[in-house]
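Chemist: Pasting a structure here, questions to come.
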Amino acid sequence: MTASNAFDLRAPLPTGTTVLEASAGTGKTYAIVSLAVRYIAEGVPVSKLLMATFSNAASAELRDRTRSRLTESLAAVDAAAVDADDELAAWLRDASDDEVARRRARIVAALSDFDAATMATTHTFCNRMLAALGFLGEREQQYPIVENVDDIVADVARDAYLARFAGRPDEAPPFEESLEIGRSAVRNANAILAPTRDDERTDESDLRVRMAEHVRSQTQRRKRLARVRTYDDLQNTLFAIVTSGETGDLACARIREQFAVVLIDEFQDTDPQQWEIVRRCFHGHLPLILVGDPKQSIYAFRGAEVLSYLNAVETASDRRLLTVNRRSDAAVVDGLGVVFGGATFGHREIAYHPVQAHHRGSRLHGAAAIRIRGFTRGDFTRHTQDGTTPLVAQVRERVIDDVADDVAALLSSETTIEIDGRTRRVEPGDIAVLLRANKTIEPLQEAFARRGVASVVTSGTSVFATDAARHWWHVLTAIDHPSRQPRVRLAALTPLVGQTAHTLQIQGDTGVGTLAGQFAELARVFADAGFAAMAARLFDEFETARRLLGSAGGERLLTDVRQVADVCNRYAAETGGALTSIVDWLGEQIADLSQWSGRGDATRRLDRDTAAVQIMTVHASKGLEFPVVYVPFGWDGASHPNPATFVYHESDHRRYLDVAGKQARGYARRDSLARSESAGEDLRLLYVAATRARSQLVLWWAPSTTTARGALHRLLFTVADRQGAAASGALSPVPDTVPIPAEEIDCVGVLRHVASLCPSITVEPAGRHTGVRAPRAERTGPAPTLDVARFRRTVDQQWRRTSYSAIVAAAHAAAHPDSGAALIGTGSESDEQTGSDEPVDGPDPTVGESTVTDGTPSPMNGLPFGAGFGTLVHEVLEHVDTAASDIDAHVRELVVDGAARRGVDIDVDVLAAALVGVLTTPLGFGDLWSIGPRDRLAEMDFEMPLASTGGGFGLDQVGDLLAEHLPTDDPLADYADRVRTVSADRFRGFLTGSIDSVLRTPDGRYTVVDYKTNRLRPGDLAVEDFDREAMAEEMMSAHYPLQALLYSVALHRYLAWRIADYRPRTHIGPVQYHFVRGMAGPGTPDGCGVFEWRLPPELVVAMSDLLAGNERGRR
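Going by UniProt numbering, 938 is the number at position 938 of the sequence shown; the sequence numbering is gapless.
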């Protein structure tokens, strides 16, 4: 490496595509955040900044770190002096006084407008861009997003299996294998199904490929019917749009115009689709900075492909390296340089680069920085038949015991460590044990417990794999069928109920009958109040928490029991299923732990927050760091011997999914390609694990039947080869398999040679600790006085989340008793915006006496009425793309699609023509169709706090404000008296709602628009029925002036945050209510169909003050 390709934060900012390549601990996030601050300081508005990464946690950290860095930078500019090591602060101050002032002003503006920045995961970015693309983004935008569709895939696979093999069992492969093929095909939706080569294809392999294709296509179809989508669907949809020959360039341009700079973190985790989206949208057009470390690409099982990162490197105009490790001590860095030096990680372009350590020496005292603990063949009693190699099962058991012994010995020793400037003895909370497989977590935790070492599993295992899940299943089956004694007895023996076999025997049938009655009552509670109430009653009746906490390991079990209850409750709430369906679902989760990704809430929770040794998987540890790290199984190269499906790459670098099965022609060749890729990822996994350590890393080596393929073994036993190659300027790739030397002395010699290359590495025999226990934590100071927590505050029963619809619901129900509208109770509004202010379904308004009005017939005569029709109209007007070239074809397509989705029986041509009339009716500043996408914000959701001052605001106060500010000739002046009668309640908490549309008019004002499908009388209507007087009366009758006022306050507050020189009198325009049945296009008579209300800006400000509890609004 030369100085010329090292990253310099103070160098001129990149203008093209730049790859910023890091190594572990060199500060990827610090670099990308600092670059973002520099771009902002040099004039890029924060709203034009796109920062993306690949997980929710990383996205949240990126947002927090950027905000914090902006705050720190502002303080640094204002400070008398700055830290000499803070390059960004030094750069900010290194300019003329005028330029420093400008940089400061830009940082202040960025902080005030920070929420306008786009800092998101790649899937969130895709979702936002689909919304920004309008109609191009497709209508599935409205569908909820689910984590997986395994249930749908299982149904499709089962149907396909029965359709193909019913009556022909001899031809049928095992169903489990067919199901796995279907799941893999859906999980890897963009992989090519293999085999594809003519010399490897057979009739059976072709059948399996066709089955996989069928499951893919039918799953897509059933997802649309179920109105759900996955996160991958967001990306697939956006990819199809930006790569389309017809719309791709236009879509890319529309996405690109929203940003000025793009920075993407953790880019080694990208996949081909994501890179293609980024490349087409931004490469060659905007500054594009890709930050990543290919040595940490470990998410192939999620679809990430390190080859995409390497393609980006080839495409980029510049490549810079981060060269200073700010995490690990120099002793650790030097030792890792020996272990990984000269190594490539599955590809010649993924090489280990030496780095410098920021922390000199070691912060650990009394022990080596890198310890390699080794076993020999003689340490084991079970070997292969030839007696040469220990069997891996016993080796793992011995390693687990040795890890627990060594941790206990470390905690008992005088070893000290420096943490935050203070030197103290090593504590359990300083230690992390990183594992490759979840199955080793529980045995290790049990080994720790036997030695008195407190440990906690921070991630990696599913709560469905615990005893708690099985206990709940037994209890739920008994509650579902309390008349079946065997089920009741099994449930009684679970820790949730707490009976013993002896107790059941003594109580006999009478006791079982009593339990059955309790279970039957719990079933009634479930039916009446739901799963959560049932679980709470069960815990109370059987004193579950008290009993579990009084037992050994009870804290862990109670945590699992409560988590299973929470997951089941969420499933019950999401599906609305009966108890039987919950029992079936829970049983499926317990039986099949291989489901793709599972539920995000099923990852096992922490059972304590005290200082304890942390046990986690390597994948979960990525991005974290620990003072002391144990990596017990780096030597273990075990893998699935004959997988039913697997992913690999051919020479064309494309991703393939093999579904042919292990007996297929060419299986060995394809499996070899997959295993070679897996061997490279194993090296990267070990690199991630090892580089989590700040001050000490402890590794294990042992001979076994899987050691030859183990990443650590392959590295340690090729150190000499790599050193020789480096001396001649060549590379020596790490082989996929490295044989174990036949002689014991040769194995020990290799390990000792590695240790001789660096003084911070030691090799020590494993399995020598005996009878070691961790010391008890000593209590310092007097014992605390314990007492029961008491809740002394009064719960405010009137504090709630409300909406305009909820506020006027009672008045509307009284005015329309035949509508079926329900009175609003005391609960809060749902998080989902499901309420509607459209007329509800009721008696047919087209039937009854009516006065025929001469004039223009309403274009919507003959169309349906009610909330369903209103929702369809709103949906079409929300998604209309006014940039479309053909209004008639575009609107008709929206209507056809929307009617099909909503199940509305309607004449689509009539409705489409009517809505074209709505879009072309004059509004006083053009029409809706003339307002471009950039000047229109559809469905502006808002949530505003309502102050508790004076008990909250009341509608009598709203009437006072209307009377004070509305002129006497205002068409809605009389509403000042009417609004006082709507409700006597006081409202405090939050007000939520959604504005149909906000338009920016040519004069720079912003207008609230709300669409109404109201009928003003029975029978066929004329446009002239919707004259100004009739619309004013309907406005007041339906209490729309209150809605208009609340929406105007929401717009007022929104604009105050988004416009630097905002002034209500300058920027707030009139409110328009579009009564769509009275809008007939350009020929609509003046004053018909569109009700415009010019609210005095002072009224809007006063109403905002009233909601905020300010005195100005309460006069």
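Where is the CB? At the ideal position from N, CA and C, for every residue including glycine.
#1: Between the C-alpha atoms of T270 and L288, what's the straight-line distance to the nearest angstrom?
#2: Rounded to the nearest angstrom, what separates L74 and S581 at their Cα positions?
#3: Would you call K622 buried or exposed, if buried means 16 or more other Cβ atoms sit within 10 Å of its Cβ?
#4: One question on the structure: do T466 and V564 come within less than 9 angstroms of each other, judged by their Cβ atoms?
#5: How would you write the range of the alpha helix (DSSP H) that S325 sits in, first residue to last?
#6: Among M1103, A22, A105 and A109, which residue has its Cα nearest to the Cα of E964?
#7: Would a C-beta distance cut-off of 9 angstroms place R187 and G303 closer than the cut-off?
#8: What alpha helix (DSSP H) runs, 4 residues minimum, are completely inside the segment 98 to 137?
#9: CB-CB under 7 angstroms to P933, same chain, minus the five flanking residues each way: which ones, in chain order?
#10: Taking N236 as the reference, give the member of V262, R254, R227 and N190 with the closest Cα.
#11: What is the rounded straight-line gap between the Cα of R1115 and the Cα of A253?
#12: Quick check for students: name the residue ranges of the beta strand (DSSP E) that lie wholly in the segment 251 to 281, counting only runs of 3 or more.
#13: Please list, in chain order, all residues of the same chain as T834 whose beta carbon is under 6 angstroms from its beta carbon, the five residues on each side excluded.
#14: Pick from D941, R424, D405 and V659: whose alpha carbon is nearest that of A447?
#15: Have a look at D652, W472 and E555 and flag the residue whose alpha-carbon is nearest the alpha-carbon of W585.
#16: Within a Cβ cutoff of 7 angstroms, which residues of the same chain sit near N1110, ignoring the five residues on either side of it in sequence?
#17: What is the C-beta distance between E180 and T645, in whole angstroms, given that I count them as a contact (C-beta under 8 angstroms)?
#18: F717: buried (16+ other C-beta within 10 angstroms of its C-beta) or exposed?
#19: Mind checking V847: buried by the 16 CB within 10 Å criterion, or exposed?
#20: Classify F54: buried if its beta carbon has 16 or more other beta carbons within 10 angstroms, exposed otherwise.
#21: Taking only runs of the alpha helix (DSSP H) that begin and end inside the segment 891 to 965, which ones reach a length of at least 4 residues, in chain order?
#22: Are there 16 or more other CB atoms within 10 angstroms of the CB of S112, so buried, or fewer, so exposed?
#23: Pull the bridge partners of H383 from the DSSP assignment, please.
#24: Would you call the CB atoms of D652 and G710 closer than 9 angstroms?
#25: For the beta strand (DSSP E) holding D996, just list the boundary residues, first then last.
#26: Give me the DSSP bridge partner(s) of M616.
#27: Just mark S785 as buried or exposed, buried being the case when its beta carbon has 16 or more other beta carbons within 10 Å.
#28: Look up V456 in the DSSP assignment and say whether it is helix, strand or coil.
#29: How big is the Cα-Cα spacing for C758 and I372?
#30: Distance check for V497 and R556, CA to CA, integer angstroms please.
#31: So for R970, helix, strand or coil by DSSP?
#32: With distances taken Cα to Cα, identify the nearest neighbour of P703 among F282, Q273, L391 and V77.
#33: To the nearest whole angstrom, what separates the beta carbons of G855 and V1023, a pair I think is in contact under 8 angstroms?
#34: Let me check one thing: in DSSP terms, what residues is S462 bridge-paired to?
#35: Just to confirm my understanding: we take G554, look at its own chain, exclude 5 residues before and 5 after, and list those with CB closer than 6 angstroms. What are they?
#36: Nearest to T376 by alpha carbon, out of T66, D746 and E349?
Modeler: Let's see:
#1: Position 270 of the sequence shown, counted from the start, is the residue given in the question as residue 270. Position 288 of the sequence shown, counted from the start, is the residue given in the question as residue 288. Their Cα atoms are separated by approximately 15 angstroms.
#2: Indexing the sequence shown from 1 puts residue 74 at position 74. Indexing the sequence shown from 1 puts residue 581 at position 581. Each residue's Cα considered, the two are about 56 angstroms apart.
#3: If you number the sequence shown from 1, residue 622 lands on position 622. By the neighbour-count rule (16 or more Cβ atoms within 10 Å), K622 is buried.
#4: Residue numbering aside, residue 466 sits at position 466 when the sequence shown is read from its first letter. Residue numbering aside, residue 564 sits at position 564 when the sequence shown is read from its first letter. The answer is yes: Cβ separation under 9 angstroms.
#5: The count along the sequence shown starts at 1 and reaches residue 325 at position 325. The sequence shown places Asn at residue 325, not Ser. Taken as a continuous stretch (DSSP letters only), N325 belongs to no alpha helix (DSSP H), being part of the beta strand (DSSP E) at V324 to D329.
#6: The residue labelled residue 964 in the question sits at position 964 within the sequence shown. Selected option, being the one with the closest Cα: M1103.
#7: Here residue 187 refers to the residue found at position 187 of the sequence shown. Here residue 303 refers to the residue found at position 303 of the sequence shown. Closer than 9 angstroms, so yes.
#8: 122 to 132
#9: The sequence position of residue 933 within the sequence shown is 933, counting from 1. Correct list, in chain order: G134, D881, T882 and A883.
#10: The residue you call residue 236 lines up with position 236 of the sequence shown. Nearest option by C-alpha distance: N190.
#11: Counting from 1 along the sequence shown, the entry for residue 1115 is found at position 1115. Counting from 1 along the sequence shown, the entry for residue 253 is found at position 253. Residue placement at R1115 is poorly supported in this model, since its pLDDT is 48, which falls under 50; the coordinates are not used for a value here.
#12: 261 to 264
#13: By 1-based counting over the sequence shown, the position of residue 834 is 834. Interpretation of T834 is limited by its pLDDT of 44, a score under 50 that renders its predicted location unreliable; the figure taken from the coordinates is listed afterwards. The answer is none, since no qualifying residue turns up.
#14: For this step, residue 447 is matched to residue 447 along the sequence shown. Selected option, being the one with the closest Cα: D405.
#15: The residue labelled residue 585 in the question sits at position 585 within the sequence shown. Per the Cα distances, W472.
#16: Counting from one through the sequence shown, the residue named residue 1110 turns up at place 1110. The answer is none, since no qualifying residue turns up.
#17: The residue given as residue 180 occupies position 180 in the sequence shown. The residue given as residue 645 occupies position 645 in the sequence shown. Indeed, because the Cβ distance is near 6 angstroms, the residues count as touching under 8 angstroms.
#18: Against the sequence shown, residue 717 aligns to sequence position 717. So F717 ends up on the buried side.
#19: As a first step, residue 847 must be located in the sequence shown, where it is residue number 847. Confidence at V847 is low in this model, with a pLDDT of 48, below 50, so the placement of that residue is unreliable and no value is reported for it.
#20: Position 54 of the sequence shown, counting from 1, holds the residue named residue 54. Buried: at least 16 other Cβ atoms inside 10 Å.
#21: 908 to 919 and 955 to 965
#22: What you label residue 112 is simply residue 112 of the sequence shown in a count that begins at 1. S112 comes out exposed.
#23: Here residue 383 is taken as the residue at index 383 of the sequence shown, counted from 1. The partner list for H383 (beta bridge, DSSP) reads P390.
#24: For this step, residue 652 is matched to residue 652 along the sequence shown. For this step, residue 710 is matched to residue 710 along the sequence shown. Cβ distance not < 9 angstroms, so D652 and G710 don't count as in contact.
#25: The residue you call residue 996 lines up with position 996 of the sequence shown. Per DSSP, D996 belongs to the beta strand (DSSP E) from R986 to R1000.
#26: Position 616 of the sequence shown holds residue 616. According to DSSP, which records beta bridges pairwise, M616 is partnered with L434.
#27: By one-based count along the sequence shown, residue 785 stands at place 785. Residue 785 is actually Thr in this sequence, not Ser. Its Cβ having fewer than 16 others within 10 Å, T785 is exposed.
#28: For the purposes of this step, residue 456 is identified with residue 456 of the sequence shown, where counting begins at 1. Of the three classes helix, strand and coil, the one that applies to V456 here is strand, per DSSP.
#29: Here residue 758 corresponds to residue number 758 of the sequence shown, with the count starting at 1. Here residue 372 corresponds to residue number 372 of the sequence shown, with the count starting at 1. Rounded to the nearest angstrom, the two C-alpha atoms are 13 angstroms apart.
#30: In the sequence shown, the residue the question calls residue 556 occupies position 556. In the sequence shown, the residue the question calls residue 497 occupies position 497. Cα to Cα, the separation comes out at about 17 angstroms.
#31: As a first step, residue 970 must be located in the sequence shown, where it is residue number 970. It should be noted that the sequence gives Asp, not Arg, for residue 970. Three-state DSSP puts D970 in coil, outside helix and strand.
#32: As a first step, residue 703 must be located in the sequence shown, where it is residue number 703. Among F282, Q273, L391 and V77, the Cα nearest to that of P703 belongs to L391.
#33: On the sequence shown, residue 855 is found 855 positions in, with the first residue counted as 1. On the sequence shown, residue 1023 is found 1023 positions in, with the first residue counted as 1. Contact holds; Cβ gap of about 6 angstroms.
#34: Within the sequence shown, the letter at position 462 stands for residue 462. Answer by DSSP bridge pairing, in chain order: T603.
#35: Residue mapping note: residue 554 aligns to position 554 of the sequence shown, counting from 1. Cβ neighbours of G554 beyond the five flanking positions: L548.
#36: Locating residue 376 in the sequence shown gives position 376, where the first residue counts as 1. For T376, the nearest C-alpha among the options comes from D746.
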